[in-house]
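Participant: My questions will all concern the structure given below.
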Amino acid sequence: MKLLILAPEPFFRERGTPIAVRLVAETLGLRYKNDVELLCYGEGERVEISNVLIRRTWTPAFLNNIHPGISIKKIILDLLMFFNFLRLLFKHRQNQYTLIHAVEESVFFALIVKVFFGLPYIYDMDSRLSTQLMCRWPWLKPFGTILTLMESLAIRNSLATIAVCKTLFDEAQSMGAKEIFLLSDVSLLETEGATREHISLKERCGIVRDTPLVLYVGNLEPYQGISLLLEAFKSCVDRGASAHLAIIGGRKDHIKEYENKCIEIGIKQYVHFLGPKPLSSLGAFLSQADVLVSPRTSGNNTPMKIYSYLHAGKALVATSLETHTQVLNSEISKLVEATPDAFGQALFEVLSDAKLRSSLGEKARIFAEAHYTLPVFKKSLNSIYE
Numbered sequence: 001m002k003l004l005i006l007a008p009e010p011f012f013r014e015r016g017t018p019i020a021v022r023l024v025a026e027t028l029g030l031r032y033k034n035d036v037e038l039l040c041y042g043e044g045e046r047v048e049i050s051n052v053l054i055r056r057t058w059t060p061a062f063l064n065n066i067h068p069g070i071s072i073k074k075i076i077l078d079l080l081m082f083f084n085f086l087r088l089l090f091k092h093r094q095n096q097y098t099l100i101h102a103v104e105e106s107v108f109f110a111l112i113v114k115v116f117f118g119l120p121y122i123y124d125m126d127s128r129l130s131t132q133l134m135c136r137w138p139w140l141k142p143f144g145t146i147l148t149l150m151e152s153l154a155i156r157n158s159l160a161t162i163a164v165c166k167t168l169f170d171e172a173q174s175m176g177a178k179e180i181f182l183l184s185d186v187s188l189l190e191t192e193g194a195t196r197e198h199i200s201l202k203e204r205c206g207i208v209r210d211t212p213l214v215l216y217v218g219n220l221e222p223y224q225g226i227s228l229l230l231e232a233f234k235s236c237v238d239r240g241a242s243a244h245l246a247i248i249g250g251r252k253d254h255i256k257e258y259e260n261k262c263i264e265i266g267i268k269q270y271v272h273f274l275g276p277k278p279l280s281s282l283g284a285f286l287s288q289a290d291v292l293v294s295p296r297t298s299g300n301n302t303p304m305k306i307y308s309y310l311h312a313g314k315a316l317v318a319t320s321l322e323t324h325t326q327v328l329n330s331e332i333s334k335l336v337e338a339t340p341d342a343f344g345q346a347l348f349e350v351l352s353d354a355k356l357r358s359s360l361g362e363k364a365r366i367f368a369e370a371h372y373t374l375p376v377f378k379k380s381l382n383s384i385y386e
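When we follow UniProt numbering, the leftmost residue of the sequence shown carries the number 1, and every step to the right adds one.
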């Protein structure tokens with residue numbers, strides 16, 4: 001087996017898809033030894049993966065700083081990566097790849113190559129690409145049928161489709177996938193070396209030790225529901241909660257935007273934006289929270305943070321949307337409507353009830369250890385490649 005992983009991402013970055021790609025590459029590198037290559041964008045932290053040759057696509061400076069989601073810059077980079085992919089196929093024509101593992105939109109590269117050269121591929125499906133495009137550019141909605149048809153062609157022609165969540169599994173099945181597997185993301189608490197530095201989150205926020213702390217970790221893109229979270233937190237404070245909110249992650253422009261919102265709604269003194277932090281600190285931060293939150297307002301794939309939240313053994317409040325409910329339930333989390341009032345009420349209830357927090361946290365930890373750990377992930381991926 002000579003395998004090429006196509007990853008149209010800055011690699012490596014400490015965010016969802018690049019982390020998932022690294023886990024796939026590490027697992028398959030161990031399985032196939034030195035017969036695995038990974039083609040990615042030129043941007044990203046230079047990392048080494050045992051038994052995996054990482055090939056980077058030349059990237060002009062003006063195309064750097066790629067953010068999550070679709071964009072014109074990303075489409076241009078995808079074209080450059082496609083030409084690099086063709087170059088590699090020509091270079092290896094005497095010792096050709098056996099199989100392509102295509103992540104996200106690179107499935108269309110693999111589809112074209114299969115049509116003309118018969119090279120099989122597996123589709124690593126992390127989202128509905130047609131939906132992403134129409135959400136990003138609403139003017140594409142009249143072409144929705146064509147976009148969905150293109151997506152279904154990619155799925156039907158794949159040797160197998162790997163869906164990251166149950167919703168995508170069901171949708172790929174309805175589009176005619178030959179074989180389909182569910183491969184959920186995992187908790188990152190055991191995939192990254194824990195920092196040895198003692199990090200006091202409350203000290204960094206400048207609050208006293210016994211003050212309840214609500215914590216959000218992740219990027220601050222609009223679909224994450226940060227506006228909802230801030231308005232809900234104001235509702236919680238107005239109900240009499242003495243808690244503070246810490247937010248880890250986000251770009252500087254997003255942080256500035258939400259800091260201004262905090263000033264506008266009068267909660268600046270209770271909310272602390274700490275910026276991006278290394279994954280090695282994640283466990284230390286989560287362990288110090290009283291309540292973890294995921295206020296996502298759109299999307300159907302489950303946020304990767306959810307698995308680490310569960311594994312941390314802390315009470316979790318999340319919106320009751322499909323993005324969460326395909327993993328979470330009322331036994332291991334507090335699921336509420338995606339409105340400021342409902343989310344704020346839920347936060348207040350959980351903060352006010354230590355027994356409830358303890359019960360939710362313990363059940364969540366047990367659930368994560370049974371379903372969303374690295375050994376479970378590796379076993380599932382290896383079984384797909386049997």
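We put the beta carbon where it would ideally sit given N, CA and C, even for glycine.
Secondary structure at D124, three-state DSSP: helix, strand or coil?
Facilitator: Three-state DSSP puts D124 in a strand.
Participant: Considering only the beta carbon of each residue, do E221 and P68 sit closer than 9 Å?
Facilitator: Yes, the pair counts as a contact, with Cβ atoms nearer than the cut-off.
Participant: Should the region 321-339 be regarded as contacting the region 204-211, the criterion being three or more beta carbon pairs within less than 8 Å?
Facilitator: No, because fewer than three Cβ pairs between the region 321-339 and the region 204-211 fall closer than 8 Å, the two stretches do not touch.
Participant: So is P18 buried or exposed if we call it buried at 16+ other beta carbons inside 10 Å?
Facilitator: Buried, because 16 or more other Cβ atoms sit within 10 Å of the Cβ of P18.
Participant: By Cβ distance below 8 Å, which residues in the same chain neighbour P276 in space, the five residues on each side in sequence not counted?
Facilitator: The residues are E14, I248, G249, G250.
Participant: For K234, collect the residues of the same chain with a Cβ closer than 6 Å to its Cβ; drop the 5 residues on either side in sequence, then sort them by chain order.
Facilitator: So the list reads I265, I267, once near-sequence residues are dropped.
Participant: Please list, in chain order, all residues of the same chain as Q288 whose beta carbon is under 6 Å from its beta carbon, the five residues on each side excluded.
Facilitator: Correct list, in chain order: L201.
Participant: In whole angstroms, give me the CA-to-CA distance for S308 and N95.
Facilitator: Taking the straight line from one Cα to the other gives about 41 Å.
Participant: Would you list the one or two residues that DSSP bridges to A172?
Facilitator: A172 pairs with nothing; no bridge assigned.
Participant: Confirm, please, whether the CB-CB distance from I122 to L99 is below 9 Å.
Facilitator: In contact: L99 and I122 (Cβ atoms closer than 9 Å).
Participant: Helix, strand or coil for T373 per DSSP?
Facilitator: T373: coil per DSSP, three-state reduction.
Participant: List in chain order: all unbroken alpha helix (DSSP H) runs of 4+ residues lying wholly within the region 184-250.
Facilitator: If we require 4 residues or more, the alpha helix (DSSP H) runs fully inside the region 184-250 come out as 201-205, 226-238.
Participant: Tell me the residue span of the alpha helix (DSSP H) that contains V107.
Facilitator: Per DSSP, V107 belongs to the alpha helix (DSSP H) from 107-117.
Participant: Tell me F273's beta-bridge partners as DSSP assigns them.
Facilitator: According to DSSP, F273 bridges with I247.
Participant: Indicate the three-state DSSP secondary structure (helix, strand or coil) for S358 in the structure shown.
Facilitator: If DSSP states are grouped into helix, strand and coil, S358 belongs with the helices.
Participant: Is the separation between the beta-carbon of M175 and that of R156 shorter than 9 Å?
Facilitator: For M175 and R156, yes; Cβs fall inside 9 Å.
Participant: Are there three or more Cβ pairs, one per stretch, closer than 8 Å when the region 100-115 is compared with the region 123-137?
Facilitator: Contact between the region 100-115 and the region 123-137 is present, because at least three Cβ pairs lie under 8 Å.
Participant: Please check the pair Y258 and R31, which I expect to be a contact at CB under 8 Å, by giving their CB distance rounded to whole angstroms.
Facilitator: With 8 Å as the limit, Y258 and R31 do not qualify as a contact, their Cβ atoms being about 43 Å apart.
Participant: Are there 16 or more other CB atoms within 10 angstroms of the CB of M81, so buried, or fewer, so exposed?
Facilitator: Buried, because 16 or more other Cβ atoms sit within 10 Å of the Cβ of M81.
Participant: May I have the straight-line CA-CA distance separating L188 from R296, to the nearest angstrom?
Facilitator: For L188 and R296, the distance between alpha carbons rounds to 19 Å.
Participant: Contact between the region 372-385 and the region 28-43 is defined here as three or more beta-carbon pairs at a separation below 8 Å; is this criterion met?
Facilitator: The region 372-385 vs the region 28-43: in contact.
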